[in-house]
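Data first, discussion second: the structure below is written as structure tokens.
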Ligand SMILES: Nc1ncnc2c1ncn2[C@@H]1O[C@H](COP(=O)(O)OP(=O)(O)OP(=O)(O)O)[C@@H](O)[C@H]1O
Ligand SMILES: [Mn+2]
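In UniProt numbering, the protein residues as written are 1 to 270.
See below:
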């Protein structure tokens with residue numbers, strides 16, 4: 001008859017690697033001593049001085065986001081390979097390791113979440129705030145009606161040079177930042193109106209109502225998307241910005257980087 005060890009042991013039997021999320025030093029040392037196991041430490045910092053480390057831009061409250069990010073980062077750094085079976089040891093409740101998840105690395109399932117945060121100029125916290133805001137806008141709309149929005153994040157000086165005002169900029173003399181609850185209300189209100197929001201690397205709202213005029217040459221965005229998405233994609237090739245676009249027509253939130261669509265999120269499924 002099986003004991004619990006046998007049954008739960010299936011979770012970590014025959015794995016190609018172990019991902020330890022923010023382990024304590026002593027916990028990590030115990031794993032290091034085990035033969036034939038590749039240990040990857042994942043966290044916002046490499047506190048244990050691990051040889052193999054994948055850095056998280058944020059700790060990701062959502063467990064699936066946390067693991068997805070680690071997998072994409074590890075694949076990107078060639079720490080693991082497509083098809084590898086992995087066990088992730090992380091904390092959901094206690095701050096200490098209390099959860100195991102077995103996952104398979106799938107190169108095809110690439111969401112772009114790692115590229116979006118780690119390989120961008122803007123502060124990862126700022127990108128996360130804007131992404132969350134767009135998702136929230138997509139879920140709720142503006143007074144119940146679907147709404148579209150375009151946020152350009154990072155390299156704001158250059159973005160301003162590649163755009164022109166459609167109207168008076170309500171953020172002209174203000175020093176407000178994304179993430180601040182009041183600002184989120186303002187951004188939602190202004191999202192009813194035309195044009196793009198321009199946000200600096202550090203999250204300062206530089207402008208609303210910008211009409212983007214990037215060169216669209218060579219930009220390859222999926223067919224069927226209109227002017228907002230074309231401009232949103234193209235500006236990220238002309239500048240070092242990333243864009244987060246909420247579509248009024250299909251309700252999806254998309255992120256563009258270097259002229260390419262790299263992340264697509266359905267706010268309803270989030
Ligand atoms: N170059 C641009 N810069 C900033 N905003 C733009 C630009 N082009 C279009 N927009 C904004 O996008 C809005 C929608 O335009 P359009 O329908 O062509 O885009 P779309 O990509 O189909 O977006 P949606 O899926 O939301 O309909 C416009 O009303 C305008 O506010
Ligand atoms: Mn449209």
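Beta carbons are placed, not taken as given, at the ideal position from N, Cα and C, and that holds for glycine. These figures come from a predicted structure and were not determined experimentally.
Cβ contact check for the stretch 114-127 and the stretch 49-58: 3 or more pairs under 8 angstroms: yes
Within 6 angstroms of ligand 2: residues by beta-carbon to any heavy atom: 226, 249
Among 196, 44, 154, the one whose alpha carbon lies nearest that of residue 239: Sequence index remark: in the chain shown, residue 239 carries index 239 (1-based). The candidate whose alpha carbon is nearest that of residue 239 is 154.
Heavy atom of ligand 3 within 7 angstroms of residue 133 beta-carbon: Because ligand 3 does not appear in the structure shown, any question about it cannot be addressed here, the ligands present being ligand 1 and ligand 2.
C-alpha distance - residue 97 paired with residue 107, whole-angstrom precision: Looking up residue 97 in the chain shown gives position 97. Looking up residue 107 in the chain shown gives position 107. One C-alpha to the other measures close to 27 angstroms.
Whole-Å CB distance - residue 126 paired with residue 199, under 8 angstroms assumed: Translated into the one-based positions of the chain shown, residue 126 becomes position 126. Translated into the one-based positions of the chain shown, residue 199 becomes position 199. Sure, about 7 angstroms apart at Cβ, within 8 angstroms.
Whole-Å CB distance - residue 104 paired with residue 83, under 8 angstroms assumed: By one-based count along the chain shown, residue 104 stands at place 104. By one-based count along the chain shown, residue 83 stands at place 83. The Cβ separation is near 7 angstroms, so the contact holds.
Touching by the beta-carbon criterion (3+ pairs, under 8 angstroms), the stretch 85-101 and the stretch 121-140: no
Heavy atom of ligand 1 within 7 angstroms of residue 231 beta-carbon: The residue given as residue 231 occupies position 231 in the chain shown. Yes, ligand 1 has a heavy atom inside 7 angstroms of this Cβ.
Collapsed DSSP secondary structure at residue 26 in the structure displayed: Translated into the one-based positions of the chain shown, residue 26 becomes position 26. In the structure shown, residue 26 sits in a helix (DSSP, three-state: H, G or I).
Given 8 angstroms, three or more beta-carbon pairs between the stretch 183-194 and the stretch 203-214: yes
Own chain partners of residue 164 with C-beta closer than 8 angstroms, once the 5 adjacent residues on each side are dropped: Position 164 of the chain shown, counted from the first residue, corresponds to residue 164. These residues qualify, in order along the chain: 210, 211, 213.
Three-way DSSP call (helix, strand, coil) for residue 229 in this model: Start at 1 with the first residue of the chain shown, and residue 229 comes out as number 229. Residue state, collapsed to three classes: helix.
Residue 150: CB within 7 angstroms of a non-hydrogen atom of ligand 1: Counting from 1 along the chain shown, the entry for residue 150 is found at position 150. Within the cutoff, so yes.
Residue 23 classed as buried or exposed, judged by whether at least 16 other C-beta atoms fall within 10 angstroms: Residue 23 sits at position 23 when you count from the first residue of the chain shown. Residue 23 is buried by the Cβ-count criterion.
Sequence-distant residues of the same chain with beta carbon closer than 6 angstroms to residue 204, five excluded per side: Your numbering for residue 204 matches position 204 in the chain shown. Around residue 204: 177.
Three-way DSSP call (helix, strand, coil) for residue 101 in this model: Looking up residue 101 in the chain shown gives position 101. Residue state, collapsed to three classes: strand.
Residue 17, buried or exposed, once every other Cβ within 10 Å from all chains shown has been counted against 16: Walking along the chain shown from the start, residue 17 turns up at place 17. Result: buried.
Proximity to residue 161 [Cα-Cα], best of 241, 14, 149: If you number the chain shown from 1, residue 161 lands on position 161. That would be 241, whose Cα lies nearest to the Cα of residue 161.
6 angstroms Cβ shell around residue 232 - same chain, five flanking residues per side excluded: Against the chain shown, residue 232 aligns to sequence position 232. Closer than 6 angstroms at the Cβ level, and outside the excluded window around residue 232, lie 150, 243, 245, 256.
Residue 45 in three-state terms, based on DSSP: On the chain shown, position 45 is the one that residue 45 refers to. Of the three classes helix, strand and coil, the one that applies to residue 45 here is coil, per DSSP.
Anticipated Cβ contact below 8 angstroms, residue 258 with residue 236, distance rounded: By one-based count along the chain shown, residue 258 stands at place 258. By one-based count along the chain shown, residue 236 stands at place 236. Their Cβ separation, rounded to whole angstroms, is 6 angstroms, which keeps residue 258 and residue 236 in contact under 8 angstroms.
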